[in-house]
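Structure, as structure tokens:
Residue numbers (my numbering): 5 to 597.
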């Protein structure tokens with residue numbers, strides 16, 4: 005049979021808690037007092053006497069030291085008192101003191117016992133020296149006059165001075181240790197009393213709070229269930245069933261609750277009417293128990309409403325099903341068209357990417373013409389508006405970093421235009437200077453973009469840096485539109501400015517590009533680039549990387565080899581960008597001579 009937590013047992017449980025807490029307080033008090041008595045006895049009977057006897061030993065040693073000093077320096081035998089006193093200390097007083105300390109040291113720690121044994125050993129050795137080397141030798145006035153005897157006594161006396169000082173230090177340390185032990189025991193005793201005081205205070209509060217809680221719990225566990233039973237019975241008298249079952253326990257009130265739940269269950273049989281109605285039998289009848297029988301009238305109304313609603317819902321379901329099917333077919337058709345269009349556009353862009361990749365110099369061309377160099381090339385989209393170009397003509401190596409208007413598909417078309425015109429100039433003309441080549445390139449771009457137009461000019465074009473390097477003479481020629489050229493020499497960055505007009509249509513007076521000649525030195529590092537790296541947003545505040553940081557980064561990596569330079573640039577950009585979207589095509593070319 006299951007355990008029943010009756011009302012009587014609840015009251016008994018409350019009193020048991022009070023008794024238990026009181027017993028805990030009483031036992032804690034008794035244990036604390038016993039512990040305090042034990043510690044007091046330890047201090048009074050062991051620790052304090054030990055300190056006194058150690059101090060007495062220290063006093064004997066001091067007297068012996070004083071008397072041995074007198075013995076050594078005082079040649080007169082008229083005053084024999086200090087001589088007799090020294091002999092008494094060595095032969096009698098010391099051993100009495102030793103015996104008392106040995107009795108007290110029984111309860112000492114092993115370390116303290118060992119320390120005391122060492123002190124005894126050193127004292128006895130010291131007294132042995134006193135007797136054999138000083139007192140037994142300096143026994144007459146003639147002995148004091150004998151240089152040999154006096155010298156031997158002096159050496160022993162001086163040695164004993166050092167030993168007695170070390171002995172005093174060790175003995176004082178032991179005395180301090182025992183004093184600290186006494187303080188520790190006393191503090192522990194006070195802590196015990198403080199704990200008992202705090203514990204009794206907390207226990208007193210717990211008794212008050214616990215008593216209140218137990219009283220409230222006991223009262224609520226009786227009165228609240230009774231009120232709930234009363235309310236349910238009054239409602240059922242009007243035919244109103246409770247919405248929740250009564251929670252029952254194992255006491256007497258719980259038994260009444262179980263009986264009431266069974267009564268409610270019997271009345272729920274009237275819900276058979278609702279089941280009939282719910283199954284579609286709208287002809288089922290029901291007679292309410294009273295005019296306040298809320299459930300009865302609700303069931304009748306539900307039956308009538310369901311009959312009307314069922315017919316209305318059937319009509320609406322048919323109409324809406326037809327509408328949903330029609331809309332679904334339209335959406336599926338549109339989705340299929342969009343998927344076809346998206347695939348066609350994507351396929352076209354990927355094909356354009358293959359075309360663009362075909363015009364870019366392969367790694368073999370880069371390694372053959374520009375050893376110890378790298379190209380960092382990251383398009384923003386599938387295809388790019390940036391491109392790089394490398395070509396050899398006799399002993400001259402041409403290389404360029406080109407940034408066309410826009411990015412993605414428009415920029416990619418501009419890159420094809422620029423690449424084809426550059427290749428035609430190198431292969432079909434005698435132009436060698438970068439400035440002349442860029443002037444011709446500008447004319448070609450304008451003619452290509454405006455060949456069939458009669459209206460105004462567009463802003464289509466490109467920014468670029470074009471270099472011509474002679475590895476035999478280390479002479480570098482370059483021309484640039486907007487994008488400068490950096491040379492890093494001996495950890496210093498040298499910026500060579502670009503012309504401030506683009507390759508393409510330009511409003512204002514026509515100008516020619518400037519051809520710049522630079523005499524390089526062995527170990528110089530060349531960098532040309534587009535503006536995509538410096539314009540990238542990122543970092544903790546979502547700002548641009550900026551030209552200043554870009555210049556500083558290039559200066560820091562200039563001493564690395566090409567492979568590591570590229571890796572540092574890629575890692576730095578990835579960390580800077582983080583989750584930000586790439587804003588432009590990125591192109592950086594580095595060449596070390």
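From the three backbone atoms N, C-alpha and C, an ideal C-beta is built for every residue, glycine too. Predicted model, so just to flag it, every value in this text is computed and none were measured.
{"Asked": "Sub-8 Å separation of residue 542 and residue 566 beta-carbons", "Found": "no"}
{"Asked": "For residue 468, the first and last residue of its enclosing beta strand (DSSP E)", "Found": "465 to 474"}
{"Asked": "Runs of beta strand (DSSP E) wholly within the region 128 to 162 (minimum 3 residues, chain order)", "Found": "none"}
{"Asked": "Which of helix, strand or coil DSSP assigns to residue 582", "Found": "coil"}
{"Asked": "Distance between beta carbons of residue 446 and residue 435, contact taken as under 8 Å", "Found": "Their Cβ separation, rounded to whole angstroms, is 13 Å, which puts residue 435 and residue 446 out of contact at 8 Å."}
{"Asked": "DSSP bridge partner residues for residue 499 (one or two, in chain order)", "Found": "490"}
{"Asked": "Nearest neighbour of residue 116, chosen from 212, 177, 472 and 236 [CA to CA]", "Found": "177"}
{"Asked": "Supposed close pair residue 526, residue 421 - CB separation, criterion 8 Å", "Found": "The pair is not a contact, with the Cβ atoms about 38 Å apart (cut-off 8 Å)."}
{"Asked": "Proximity of residue 100 and residue 148 at Cβ, strictly below 8 Å", "Found": "no"}
{"Asked": "Segment contact, 8 Å Cβ cut-off, at least three pairs: the region 64 to 76 with the region 194 to 211", "Found": "no"}
{"Asked": "Status (buried if at least 16 other CB within 10 Å, exposed otherwise) for residue 42", "Found": "exposed"}
{"Asked": "Pair within 8 Å by beta-carbon distance, residue 481 and residue 521", "Found": "yes"}
{"Asked": "Beta-bridge partners of residue 592, as assigned by DSSP", "Found": "380 and 533"}
{"Asked": "Nearest candidate by alpha-carbon position, reference residue 418, set 449, 403, 262 and 428", "Found": "449"}
{"Asked": "Anticipated Cβ contact below 8 Å, residue 174 with residue 123, distance rounded", "Found": "6 Å"}
{"Asked": "Start and end residues, alpha helix (DSSP H) containing residue 58", "Found": "52 to 77"}
{"Asked": "Cβ pair residue 591, residue 492 closer than 8 Å", "Found": "no"}
{"Asked": "Contacts around residue 458, its chain only, beta-carbon distance under 6 Å, and the 5 residues preceding and following it disregarded", "Found": "Here the model assigns residue 458 a pLDDT of 44, short of 50, so the residue's position is not dependable, and the following value carries that caveat. None."}
{"Asked": "Cβ-Cβ distance between residue 236 and residue 250 below 8 Å", "Found": "yes"}
{"Asked": "Length of the line joining the Cα atoms of residue 37 and residue 260", "Found": "53 Å"}
{"Asked": "DSSP state of residue 527 mapped onto helix, strand, coil", "Found": "coil"}
{"Asked": "Cα-Cα separation, residue 528 to residue 427", "Found": "28 Å"}
{"Asked": "Residue 354, buried or exposed, once every other Cβ within 10 Å from all chains shown has been counted against 16", "Found": "exposed"}
{"Asked": "Touching by the beta-carbon criterion (3+ pairs, under 8 Å), the region 96 to 111 and the region 163 to 172", "Found": "no"}
{"Asked": "Pair within 8 Å by beta-carbon distance, residue 580 and residue 523", "Found": "no"}
{"Asked": "Coil, strand or helix - residue 517 by DSSP", "Found": "coil"}
{"Asked": "Residue of 22, 193 and 318 minimising C-alpha distance to residue 213", "Found": "22"}
{"Asked": "Residue 394 and residue 438 closer than 8 Å at C-beta", "Found": "no"}
{"Asked": "C-beta atoms of residue 215 and residue 39 nearer than 8 Å", "Found": "no"}
{"Asked": "Beta-carbon proximity of residue 59 to residue 180, cut-off 8 Å", "Found": "no"}
{"Asked": "Contact under 8 Å by Cβ, residue 474 with residue 397", "Found": "no"}
{"Asked": "Check whether residue 51 and residue 191 have beta carbons under 8 Å apart", "Found": "no"}
{"Asked": "Boundaries of the alpha helix (DSSP H) in which residue 429 is found, first to last residue", "Found": "412 to 432"}
{"Asked": "Straight-line gap, residue 577 to residue 537 (C-alpha atoms, nearest Å)", "Found": "8 Å"}
{"Asked": "Simplified DSSP state of residue 407, which is helix, strand or coil", "Found": "strand"}
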